[in-house]
Structures are given as structure tokens and as C-alpha cells.
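Visitor: Chains as they are written, first to last, in the numbering used here: chain A, 1 to 394; chain B, 1 to 269; chain C, 1 to 259.
1) Would DSSP call residue 137(B) helix, strand or coil?
2) Check the Cβ of residue 217(B) against every Cβ in chain A and list those closer than 9 Å, keeping chain order.
3) Hey, quick one: how far does the alpha helix (DSSP H) through residue 77(B) stretch, first residue to last?
4) With a cut-off of 8 Å, does the C-beta of residue 253(A) fall near any C-beta of chain B?
5) Since residue 52(C) is in the alpha helix (DSSP H), which residue starts that stretch and which ends it?
6) Contact criterion: CB-CB distance below 8 Å. Does residue 199(C) meet it with respect to chain B?
7) Whole angstroms is fine: what's the gap from residue 89(B)'s alpha carbon to residue 113(B)'s?
8) Hey, out of 77(C), 108(C), 12(C) and 46(C), whose CA is closest to residue 254(C)'s CA?
9) Which residue from 221(C), 194(C), 227(C) and 216(C) puts its Cα closest to that of residue 128(B)?
10) Checking contacts by CB at 8 Å: is residue 334(A) closer than that to chain B?
11) So, are the CB atoms of residue 110(B) and residue 91(B) less than 8 Å apart?
12) Going by other Cβ atoms of all chains shown within 10 Å of its Cβ, with 16 needed for buried, is residue 191(B) buried or exposed?
13) Could you tell me the alpha carbon to alpha carbon distance between residue 140(A) and residue 222(A), rounded to whole angstroms?
14) Report the neighbours of residue 128(B) on chain C: residues whose CB is nearer than 7 Å to its CB, in chain order.
15) Does any residue of chain B have a CB that is nearer than 8 Å to the CB of residue 55(C)?
16) For the region 76-146 of chain A, which segments carrying the beta strand (DSSP E) assignment without a break, of at least 3 residues, lie completely within its bounds, in sequence order?
17) By how many angstroms is the C-alpha of residue 252(A) removed from the C-alpha of residue 323(A)?
18) Anything in chain A within Cβ reach of residue 251(C), meaning under 7 Å, just list it in chain order.
19) Report back the beta-carbon spacing between residue 124(A) and residue 149(A) to the nearest angstrom; my notes put them in contact at under 8 Å.
20) Who pairs with residue 58(A) in a beta bridge, going by DSSP?
21) Which residues bound the beta strand (DSSP E) around residue 212(B)?
22) Could you confirm whether any beta carbon from chain A is found closer than 8 Å to the beta carbon of residue 51(B)?
23) Using 10 angstroms around the beta-carbon of residue 237(A), count the other beta-carbons present and answer buried if the total reaches 16, otherwise exposed.
24) For residue 12(C), decide whether its Cβ has a neighbour in chain A, counting only Cβ atoms nearer than 8 Å.
25) Could you tell me the alpha carbon to alpha carbon distance between residue 246(C) and residue 63(C), rounded to whole angstroms?
26) Name, in chain order, the residues that DSSP records as bridge partners for residue 185(B).
27) Looking only at its chain, what residues have a beta carbon closer than 7 Å to the beta carbon of residue 216(C), apart from the 5 residues adjacent to it on each side?
28) Residues of chain A with CB under 8 Å from residue 254(C), in chain order?
29) Whole angstroms is fine: what's the gap from residue 210(A)'s alpha carbon to residue 111(C)'s?
30) Within 8 Å (strictly less), CB to CB, does residue 116(C) reach chain A?
31) Should residue 163(A) go down as buried or exposed, given a rule of 16 or more other Cβ atoms within 10 Å for buried?
32) DSSP on residue 147(B), reduced to helix/strand/coil?
33) At least one CB of chain A closer than 8 Å to the CB of residue 41(B): is that the case?
34) Between residue 218(C) and residue 152(C), what straight-line distance do the alpha-carbon atoms span, to the nearest angstrom?
35) Thinking C-alpha only, which one of 220(B), 235(B) and 234(B) is nearest residue 228(B)?
36) Out of 180(A), 362(A), 379(A) and 346(A), state which residue places its alpha-carbon closest to the alpha-carbon of residue 115(A).
Next up, the structure:
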């Protein structure tokens, strides 16, 4: 206590300045995307009791009980199939594992099931019709009748869902929770209020793994992605030019972009490039002002649009026609623009390939002869338009 | 024994301790800013998980990023003790030497101490809130569906969602978006039924629980087709009354302090 | 388009504030060369703030602080040094104008005006949270300016008077800061069910500033802190603290006079 009596103002000010610098440095060094150090943990014999994956979490209370926190902050209790029903939670919160029948709303969830190697055995319902699937396992499952089309996400056929007898529903839409609660079918919300960071995107399999007892597969998947990231780091380390990248689009007058905390934003930074919306924080597909989008577009080199070919992203000219507002951004005038191919959104299980492809787009000099699989570079004008133009000349 | 306790009391009520604690709290919170900025997802569960479960999981597994928070708790506890001891000593002195001017003057002189006690009540309220709050996170209701409140025998049913879409020109980005939303709820318990309206910043209280509207869908007339729903946080928070009382007490102290200040200035003139 | 108008108005305000500072630093005792550009700057700043509010009302414009703070300081300028002799008044006013110019430069170079307002901010408590905070911060800056004035070498009675004013502004700022925090806590409680929403890192800096100024208001009760030390704490410490509280409202660098 004597310390406080001999405390002098000069010492206080000095100590305060020193401590602020020290603590700030400690706070800044605390990098959550340090995936390599986290990857080391996977080699441990003993699995961590508590694992945080972005806004998801897995808490192993005992061998007979694991509690997980889903993207909406709801707690689900995982218990062995033969265990008695716990009395301290609602039946709709209890998931008997390993889960044998799953209905999944999103293509991302389906891809993660595939990454875990449980798609063929467990998937019983989806909300995308067969003709829009690019995943052979799902197409085959739907043809054989093993996987049911449950109706569009906004108008689910609950009778069909009930007939599919899922033991778990993976969804981005919480509106089904009340009905599923009545049916005692647990629901896990797999999207989060904030965009998933790169680490969370890579580790999301580890969130779903305990539902299927597929932890080793999840660890292997994570290790694969981690290796791809290391390769990207190593290849692009010597980059002398850092391209400026923007990812988003304008729909009428509404601007949506991927924020800097999203996995794409982090990846761009990791691959020795500058993400134009690095400072933007929030949900995936966040809405910002038109002025900011146009300002960031003034000196960008590469533009990734959300739109696919069937949504009109066939060329830079087509994009400019769709949104006259963006016709003057640098990537459309003298840079490069890319659109996702239809199977991109269903390929989260090939995350390593997607990350590598994005890196190859940013730094083609380090990936000679790379063939794009998930994105298409947009030509200046539509091929048809060129043809018509040449006809006009004739 | 008496001298030991008296000495301890004196040291706990030291103004130097107050200064040191305030400085440490300032530094700790600056450190906290950088940690919270980089690891927001670590702290978000504090909103609903409660202090102990959070400390046992997120807190203890990420000490480098959460250490500042535990230090904050310790410093706040010390500050509460120091403030109590210091204020009580001073109030006792003031009460003993009431002096001229009567109760009105005394009340004005007590103003800073009212603020100090207010702070202690606020801190106690927060602690109570983080230790004992029951939260049902993301309880979703669709029209017609209901929610049972645990242990209370009450039910909340969503009767209808009444959105108001923005149709003006001033907020171009808000065109056709929901600018106001009212959820019509039916609250039932053993004593009967009543209707209540829930909106964004207007929670509904029922059987000791407060229902807060966290999210809803659809948000737009033209956007992605979404089914109608509201997401609620249902909370039973025994700390609310305490920290609201603390805020009221602190505000009262502030008003008295400024009244005294103005009176003092007028007297000087 | 109107966003650009708000930005342009603020650009004009920045230039005019700089002119007012240049006039204040120039030798001579006439106040018109300072007051004229200052009044015009305040007008432009008011327009910039008004437009931002108009584009968001009834919701809260996001990160308005760096644009609104110079306005508050500009409006406080005539009040800052009322009833005191010129030799005491002028340094404070100069410091104040320098801070205003610095703040406008920061707000122009690092704008964070690209977030859209959100529905939950449609409450008077949210507006109270913003405006009490902005006015409170302006009072803290005035307190720091007076404390810096007290450090200038001159008669001790001047220093005592300057420190008295610094203390009063700090007390007023502390009250407004507290009102801002209480408004924010009530808003959080009504909107999210908890008085502290652990999602916005800025809340820690708000609390840090509260403890910093709480400490300042108690320093005169200790025997070990002399007036000079208190002045140092209020001026330099205040500057560091206030800069930190501005951090969450600043975005990436942007060319200040581009469109």
C-alpha cells in the first residue's frame, strides 16, 4: 500500500505511457489468423476441450456430452445415440450422434458434409432442385430418391421434410426453428452475423465434425487447407507488385461488398495483395455507400463480382450495362474482372483449390499456365456482341 | 485488532489508491480496445453466456486476448471497495460536522458522494447481471408459433408482424426496406391473456422476463424471399433494477453537483 | 450525390478553419480576420453535419463524431475564454483552433462515412449517446487547451486561473460523457437486453476516457500532484486519451480534396 503513497505524478505519466505502448503491442500481436500455430494443435493426441471457430464453438464437457454453439448463438447438446435424454435442456436442443440423417439448406453445408465424407450416407434433403446441383453425389442421390428436394428455402414443403426424417437440419434460415422445435428436430444455424474469417472458414468442418464423429477427417481437411495457404504464402512472398482487389457488386443503387474481416479479404492480404475494403467490418455481403465503392474502384486492379454468368456477368461491358454506376471503375476500364462459375458456391470442400485459384488470379506470374476452374475472367465485351459488331462492319 | 482494521480502512479509503486504480483502469481498457478489436468473436458470447461459463471457456482458453478483461474485473472490484471506504469516511465526517445551512446545504455537499454510491450500485448491478442472468438466445418465432418461458408457466405467441416499409426518396438506400416493425404478441399465463407490441427498442416484460427484438425477416419488399420471423433474446436479469437505480442515483448526484456549482458561482458574483 | 455535397461542405469548412488559425497566429490584435473565416467555417461544418443527419434521420448517421467535433469546438470558441484578459485568452483560443484544424484534417484524410445507418439506432437514446459524447469530448479538449495554457511560463495567478478553467471544463465534459454513457447503456438495454454489448470495441475506449477524467477530477485531492503535474496530465494525457477515443471513428486514408 505504501506504493500508492509514494506514487509521484511524473512516474505515473511515464509508467502510463510505457504501459500503453506495451499493452498495445501485446494486443496488436495477438493475431487470430495465426492458423499455423493453431494447426500445430491438431497433431496433439488429446483434442482440446474447448474449440472456438469464429462465432461457433465446441465445448467437450465429457465423453458423453459435447455442447456446441451455432451461428445464431444457440446451444446444442450432442450425446451418444443410446444415452438417456438429458433433463437440463429442451429435446429440440439435443442431437444424438453420430447423426445419420441430415437435411441441409445451403450448398456450403452440403460441401462440408462432403469434406467430412458423410454426404452419401447422411444427406436426405436439400433446398436446391436437382438441375442446379453440380455435385455428382447429390445429383445421384436425388436421382435415386435418397435425397429429397424439400422445396425452395422460402417455401419448404414440411410434409416432405417430415417424411425425410432428418435427425438434424443445417440451415441459414432460423424461421424453420419453431416448427422444427415442435417436431423435436434439432436445427443448427450455420451462418453467423459477422462474416466468417479465413480461420473460421477453414475450421468450420471442425464444428460439424462432432455431429458425425468425424474429427480426424476434419483435422485432415484443415491440414490440407493449411498446406495450401502455406504454399500461397511461399509462392507470393517475393511479389514486387501488390494488386488492389475489390469483391462485391451494385444491385440497382445498393452496394454489397465482402468486408475485410471476411475470408476473401484476409486471403487477399495473405497473398501479397491489397484488399480495397480491408477496413470494412461486418457481415458477409455488407451494404456500404456507393461513394465508397466508386472511390475504392478508382485505383483497383481486379474486381470479383458476386454475379455469375446466368445473372448477367458475361463481360465487362455487360456489367457496365447492368450498373452504369460502375462503368468507370478501373478494373472494368483497364483492369481485370472475374465472375464465379456456377459450381463455385457448391465447392467449399475444395477450399484449398479455391484459395489457390484466387492467389493465381492475383499473381499470375507465380502460377504459369494455371487454368481457372472456379472463376471466369470477363472479356471486355460479350462474344456475341463482337460477332454482331463484325457483322456490322461487313 | 481495532488499529489493524482502522489502518486497513484508512488505506482502502486512500485517494492515492483511487488515482492509481483509475490510471490502471484506463491503461487496461486501452489494452482491451486492441484485444476486442482483433478478437471480437471471443467477447460476443459475454452478451448471453454469463460471466462464469464465459470465463471457463472463451476466457480461460485465450488468456492473451482476455487477460485485460480479468484484470478489469479485479480493478473494478478494488475500485468499488476503495470508493465505498473513501466515500463512507467522508460522508461520516460531513454528517458529524453538519455546520450551518441545514439539510439543503448538506444535501448539496453530499452530491459527489451520491455519485460515488451510484457508481458502486451500478457496478453491483453489472456483476449481478453477469452472474445471474438467464438468457434464451435467438428464440425464433414465426407467426402462429409460441415460446414457453422456463419455470414461469407463461407462453408467448407471435400473432402477427406488422412492418412499415420506407417509401420516401430521402433515404435512397432504404427504399422499400423496413423502417419500423411491430410484432403483435399474445402473452398467456395462469391469470389470463394479454396482447403486447414488441419493436426494435421497445422490449416487452412478462413474468420477470424481458423480450428483446434482435432480428427479423423479411427486411425488404424486393430483396431475397424470406419467411416471416422474429428473433428474440429472452432475458431474466436480476441486475437491471440495480444498475438502473445506480444510474438514477449517479444522475441525481450530478444534478445536485451542478446545482451547487451554479449556486456557488452566483454567490461569488 | 448529396453525400458528396456533405463532403464538399466539410472540405470548405476545413479550408476556412485553417484560414482562421492562420489569422489567429498572425501578429496583430484584430479579431475580425479570425472571426470571419471561423463563422463561415462553422456554417459549412454545420451544413456538412446537417446533411449527414438529414441522410440518416430518424436513424443515427454512422461515425459522425470526427465531423461533428470540430463544429462543437467552433461553437465553443467564443465561450471558451469569456471574461478573461487577452493574454490569458489568446493562447487557449489558438490551441483550440489548432486542434480544430487537426481534427478536420484527420476527418478529411481518414473518413469512415461509408457505413449505412441501422434500424436500431432509430431512438432518441442513440442520438443522445452521440451528441452528449461529442459535446463532452469538446469540453475535454477545452480542458486540455486550458491546461496547456497553464503550462506556459508567466505569472502564477494566470496559471491558477487557467487550471481552474481547465478543471471546470473537465467536470462539465465528464458529466456529458457520463450522460452519453448512460444513454448508450439504456439504448443497449432496450435494444439488446444488456447494458454493455460486447461487440463494439469503442466501448472500452469510452470507459477508459471516463476513468481518465474521473482520475483528473480527483487529482487535486492528493497532496503529491502539483499544479504543473496536473496540467501536464490534463494536457498531454488528455491529448493521448482523446486521440485514442477518435480511433474507432477513423477509416483508411483518403485523398482529402478528391471527390
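Virtual Cβ for every residue (Gly too), placed ideally from N, Cα, C. What you are looking at is a predicted structure, and each value in this text was computed from that prediction instead of being measured.
Guide: Quick answer:
1) Residue numbering aside, residue 137(B) sits at position 137 when the second chain is read from its first letter. Residue state, collapsed to three classes: strand.
2) Indexing the second chain from 1 puts residue 217(B) at position 217. Per Cβ cutoff of 9 Å: 173, 174 and 175.
3) To locate residue 77(B), count along the second chain from 1; it is residue 77. Where residue 77(B) is concerned, the enclosing alpha helix (DSSP H) stretches over 63-96.
4) Indexing the first chain from 1 puts residue 253(A) at position 253. For residue 253(A), the answer is yes, since a Cβ of chain B falls inside 8 Å of its Cβ.
5) Locating residue 52(C) in the third chain gives position 52, counting from the first residue. Here the alpha helix (DSSP H) through residue 52(C) covers 32-54.
6) Within the third chain, residue 199(C) is the residue found at index 199, counting from 1. For residue 199(C), the answer is yes, since a Cβ of chain B falls inside 8 Å of its Cβ.
7) Here residue 89(B) refers to the residue found at position 89 when the second chain is read from its first residue. Here residue 113(B) refers to the residue found at position 113 when the second chain is read from its first residue. Roughly 10 Å between the two C-alpha positions.
8) For the purposes of this step, residue 254(C) is identified with residue 254 of the third chain, where counting begins at 1. Nearest of 77(C), 108(C), 12(C) and 46(C) to residue 254(C), Cα basis: 108(C).
9) Position 128 of the second chain, counted from the start, is the residue given in the question as residue 128(B). Of the listed residues, the one whose Cα sits closest to residue 128(B) is 194(C).
10) One-based indexing of the first chain puts residue 334(A) at position 334. No, no contact with chain B.
11) Here the question's residue 110(B) lines up with position 110 in the second chain. Here the question's residue 91(B) lines up with position 91 in the second chain. Against a cut-off of 8 Å, the Cβ pair of residue 91(B) and residue 110(B) comes out as a contact.
12) Here residue 191(B) is taken as the residue at index 191 of the second chain, counted from 1. The residue in question, residue 191(B), is exposed, as its Cβ has fewer than 16 Cβ neighbours within 10 Å.
13) As a working mapping, residue 140(A) is identified with position 140 in the first chain. As a working mapping, residue 222(A) is identified with position 222 in the first chain. Each residue's alpha carbon lies about 27 Å from the other.
14) To locate residue 128(B), count along the second chain from 1; it is residue 128. The premise fails here: residue 128(B) is roughly 12 Å from chain C at the closest Cβ pair, so nothing lies under 7 Å.
15) Translated into the one-based positions of the third chain, residue 55(C) becomes position 55. At least one chain B Cβ lies under 8 Å of residue 55(C).
16) 94-97, 102-104 and 123-126
17) For this step, residue 323(A) is matched to residue 323 along the first chain. For this step, residue 252(A) is matched to residue 252 along the first chain. Cα to Cα, the separation comes out at about 7 Å.
18) Taking the third chain and counting its residues from 1, one reaches residue 251(C) at position 251. Under the 7 Å cutoff, chain A gives 279.
19) Reading the first chain from its first residue, position 124 is the one you call residue 124(A). Reading the first chain from its first residue, position 149 is the one you call residue 149(A). Going by Cβ atoms, the distance from residue 124(A) to residue 149(A) rounds to 11 Å, so no, they are not a contact pair.
20) One-based indexing of the first chain puts residue 58(A) at position 58. 51(A) and 68(A), per the DSSP bridge assignment.
21) As a position in the second chain, residue 212(B) is number 212, starting the count at 1. That run of the beta strand (DSSP E) goes 209-217.
22) Walking along the second chain from the start, residue 51(B) turns up at place 51. Answer no: the Cβ-Cβ gap between residue 51(B) and chain A never drops below 8 Å.
23) In the first chain, counting from the first residue as 1, residue 237(A) sits at position 237. Its Cβ having fewer than 16 others within 10 Å, residue 237(A) is exposed.
24) On the third chain, residue 12(C) is found 12 positions in, with the first residue counted as 1. For residue 12(C), the answer is no, since every Cβ of chain A falls outside 8 Å of its Cβ.
25) As a working mapping, residue 246(C) is identified with position 246 in the third chain. As a working mapping, residue 63(C) is identified with position 63 in the third chain. So the two alpha carbons sit approximately 10 Å from each other.
26) By 1-based counting over the second chain, the position of residue 185(B) is 185. The partner list for residue 185(B) (beta bridge, DSSP) reads 158(B) and 196(B).
27) Looking up residue 216(C) in the third chain gives position 216. Hits under 7 Å: 170, 233 and 234.
28) In the third chain, the residue the question calls residue 254(C) occupies position 254. Within 8 Å Cβ-Cβ: 295.
29) Numbered from its first residue, the first chain carries residue 210(A) at position 210. Numbered from its first residue, the third chain carries residue 111(C) at position 111. The alpha-carbon atoms of residue 210(A) and residue 111(C) are separated by roughly 45 Å.
30) Translated into the one-based positions of the third chain, residue 116(C) becomes position 116. Answer yes: the Cβ-Cβ gap between residue 116(C) and chain A drops below 8 Å somewhere.
31) Position 163 of the first chain holds residue 163(A). Answer is exposed; the Cβ neighbour count stays below 16.
32) As a working mapping, residue 147(B) is identified with position 147 in the second chain. Of the three classes helix, strand and coil, the one that applies to residue 147(B) here is strand, per DSSP.
33) Counting from one through the second chain, the residue named residue 41(B) turns up at place 41. Output row for residue 41(B): interface = yes.
34) On the third chain, position 218 is the one that residue 218(C) refers to. On the third chain, position 152 is the one that residue 152(C) refers to. About 23 Å.
35) As a first step, residue 228(B) is located in the second chain; it is residue number 228 there, counting from the start. Per the Cα distances, 220(B).
36) Position 115 of the first chain holds residue 115(A). Checking every option, the nearest Cα to that of residue 115(A) belongs to 346(A).
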